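Protein chains: 2
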Amino acid sequence: MKVIHYSAAEAKVFNADPAKGVTGRVVIGQADGAANFCMRIFELSPDGHTPKHSHSWEHEIFVHAGTGAVWRDGAWVEIARGSVIFVPGNEEHQLKNTGTEVLTFVCLIPSGVEEI
Amino acid sequence: MKVIHYSAAEAKVFNADPAKGVTGRVVIGQADGAANFCMRIFELSPDGHTPKHSHSWEHEIFVHAGTGAVWRDGAWVEIARGSVIFVPGNEEHQLKNTGTEVLTFVCLIPSGVEEI
């Protein structure tokens with residue numbers, strides 16, 4: 000059993016277009032023997048956003064802290080601490096921070112795709 | 000795309016031995032078309048705990064709020080907001096609240112087992 004604080008995992012920074020102010024960490028993945036799905040934690044700075052994109056695999060997302068919005072069907076939907084987002088495969092999506100504190104969310108993907 | 004606050008999902012209460020003070024919600028599952036893994040949110044009251052048990056499937060857990068402990072290899076390991084726990088299949092585990100506020104955590108399981 001692995002027990003860590005998420006901040007102890009290696010951080011990867013994405014700060015080049017089409018991402019901005021994104022820090023990501025794989026906290027449970029193939030290296031831990033997790034064969035079915037992978038947990039990542041992302042932090043978006045107050046002006047940060049993920050790329051607007053789509054791909055064949057799904058996301059299961061839980062918002063841990065902060066406030067922001069998610070792009071759904073051509074419009075922004077507000078999210079905050081405690082929000083849950085299911086992004087089915089092939090659906091366009093983007094997350095952005097709309098507040099003054101860091102937006103932190105848990106984002107899971109199935110195994111077999113790039114972990115981060 | 001599904002966007003909800005986790006508290007909007009149907010709550011199921013587990014308050015009979017070997018569980019105590021546990022409220023669980025399936026927030027992303029088969030009903031949403033999630034074919035690979037399932038997200039649940041659990042809240043443990045200040046005196047609450049999950050059963051001490053093991054099963055063939057894994058858990059991927061993120062602690063959203065509160066303080067507690069997880070049973071690992073015959074001893075309690077402290078957990079708190081931001082802790083990540085990977086419980087491999089067939090490993091005995093239990094979570095308990097050791098604080099005065101609700102212990103809230105996200106717990107994911109692979110598809111194909113009972114969702115809650």
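Chains as they are written, first to last, in numbering that gives the first Met the number 0: chain A, 0 to 115; chain B, 0 to 115.
Quick reminder that beta carbons are idealized off the backbone N, C-alpha and C, glycines included.
Quantities reported herein were computed from a predicted structural model and do not represent experimental measurements.
Report buried or exposed for residue i, applying the criterion of at least 16 other Cβ atoms within 10 angstroms of its Cβ.
i, result
"N96 of chain A", "buried"
"S82 of chain B", "buried"
"E42 of chain B", "buried"
"E59 of chain B", "buried"
"P17 of chain B", "exposed"
"T99 of chain B", "exposed"
Can you name the residues of chain B whose CB is closer than 8 Å to the CB of residue i?
i, result
"F36 of chain A", "N35, F36, E59, L107, P109"
"I3 of chain A", "S82, V83"
"S6 of chain A", "G81"
"V69 of chain A", "M0, V2"
Would you please state the rounded distance, in angstroms, between the beta carbons of residue i and residue j? I believe it to be under 8 Å.
i, j, result
"V101 of chain B", "G65 of chain B", "6 Å"
"I84 of chain A", "K11 of chain A", "Actually they are not in contact, since the Cβ atoms of I84 of chain A and K11 of chain A sit about 21 Å apart, beyond 8 Å."
"G47 of chain A", "K19 of chain A", "5 Å"
"A79 of chain A", "V105 of chain A", "The Cβ separation is near 14 Å, so there is no contact."
"A30 of chain B", "S110 of chain B", "Not really, about 12 Å apart at Cβ, beyond 8 Å."
"A8 of chain A", "V25 of chain A", "6 Å"
"T116 of chain B", "I40 of chain B", "Because chain B spans 0 through 115 in this model, residue 116 of chain B falls outside it and cannot be assessed."
Identify the contact partners of residue i in chain B, using a Cβ-Cβ distance below 7 Å as the criterion.
i, result
"D31 of chain A", "F85"
"H63 of chain A", "H63"
Whose Cβ in chain A lies nearer than 8 Å to the Cβ of residue i?
i, result
"H92 of chain B", "M0"
Notebook entry, point to check: In chain order, what residues of the region 73-90 of chain A put their CB closer than 7 Å to some CB of chain B?
Noted result: Residues passing the 7 Å Cβ filter: V76, I78, G81, S82, V83, I84, F85, V86, P87, E90.
Next item on the list: Give, in chain order, every residue of the region 9-28 of chain A whose Cβ lies closer than 8 Å to some Cβ of chain B.
Entry: V26, I27
Notebook entry, point to check: Is the region 48-65 of chain B in contact with the region 86-103 of chain B, if contact means three or more CB pairs nearer than 8 Å?
Noted result: Counting Cβ pairs under 8 Å, three or more are found: they touch.
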